[in-house]
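K.L.:
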Amino acid sequence: EEGDRPLFGQVVFAAPDVDADLFRAMARSFAPQAQRLTLYASEDDWALTTSRRLHGDAPRAGEGGADLLRDPAVDSIDMSALGEDMLAHTYFADGSSALADMLTLFWRDVDPPRRCGLEAAPAEDGGAVAWRYRPGVCAESLLLELIGHLRRADVRTLAQAREVIAATVADSGLAATLEAAVAQLVDGG
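End of the sequence shown = 213 in this note's numbering, gap-free, step of one.
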């Protein structure tokens with residue numbers, strides 16, 4: 025019924041090898057069943073580049089860059105700046121950058137403009153906005169660890185977050201960087 029909570033919370037698609045047009049149509053049909061749909065993509069993903077060739081040059085949903093899927097039903101995030109493995113296909117699991125963003129998403133359901141390291145990548149044709157990840161902005165590996173502490177402490181306010189940061193981060197410069205990232209995630213941020 026209208027007003028009911030969606031069946032699913034966060035639904036994440038990491039480098040999906042699906043025809044982009046088919047994915048877009050499917051995403052629109054199941055978007056009402058999820059709190060949020062997030063797509064992680066990369067233009068350097070060799071597995072998807074190969075798959076595109078095998079599928080008659082049909083763009084894949086997990087491709088980033090100029091072919092990044094843009095649709096209001098999906099938060100599309102271009103992770104092309106990552107991808108250090110040979111095929112650049114497991115970027116979302118190999119490093120702390122994508123994992124930090126996913127954990128932020130699962131922890132607080134934060135909109136992309138409030139998540140650390142994401143910048144708007146507006147469409148040239150004025151279509152749906154997508155997002156581009158900038159690695160190194162958020163001290164990602166430490167942010168991952170800190171979010172674990174914040175979750176365990178059931179932190180809901182910036183004042184509570186500051187207490188946890190003070191107790192877990194000795195370096196004041198790093199603490200300030202992490203506090204800036206966390207301030208966007210908690211109430212009062």
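The C-beta atom is built at its ideal place from N, Cα and C for all residues, glycine as well. Computed from a predicted structure; not experimentally measured.
#1: I'd like to confirm the pairing. Which residues does DSSP put opposite Q34 in its beta bridges?
#2: For the alpha helix (DSSP H) holding E164, just list the boundary residues, first then last.
#3: What ranges does the beta strand (DSSP E) occupy inside the stretch 127-163, keeping only unbroken runs of at least 3 residues that lie completely in it?
#4: In or out: A44 buried (at least 16 other Cβ within 10 Å) or exposed?
#5: Once the 5 residues before and after V134 are set aside, which same chain residues still bring their CB inside 6 Å of it?
#6: Got a sec, what are the start and stop residues for the alpha helix (DSSP H) D45 sits in?
#7: Rounded to a whole number of angstroms, what is the C-alpha to C-alpha distance between D91 and E187?
#8: Taking three-plus beta-carbon pairs below 8 Å as touching, is the stretch 95-108 in contact with the stretch 154-166?
#9: According to DSSP, which residues form a beta bridge with A65?
#10: Assess, as a yes-or-no matter, whether the stretch 138-148 is touched by the stretch 175-182 under the definition of 3 or more beta carbon pairs within less than 8 Å.
#11: DSSP on T181, reduced to helix/strand/coil?
#12: Going by beta carbon distance, what residues of the same chain come within less than 7 Å of T192, once the five residues before and after it are set aside?
#13: Does DSSP classify R84 as helix, strand or coil?
#14: Whole angstroms is fine: what's the gap from M110's alpha carbon to A204's?
P.N.:
Looking at the coordinates:
#1: R60
#2: E164 to R176
#3: 142-145 and 154-157
#4: buried
#5: So the qualifying residues of the chain are T128 and L209.
#6: A44 to F54
#7: 43 Å
#8: yes
#9: According to DSSP, which records beta bridges pairwise, A65 is partnered with D102.
#10: no
#11: Strand at T181.
#12: L170 and H173
#13: Secondary structure at R84: strand, using DSSP grouped into helix, strand and coil.
#14: Any answer about M110 is weak, because its pLDDT of 41 lies below 50 and its placement is not dependable; what the coordinates show is given next. When only Cα atoms are considered, M110 and A204 end up about 33 Å apart.
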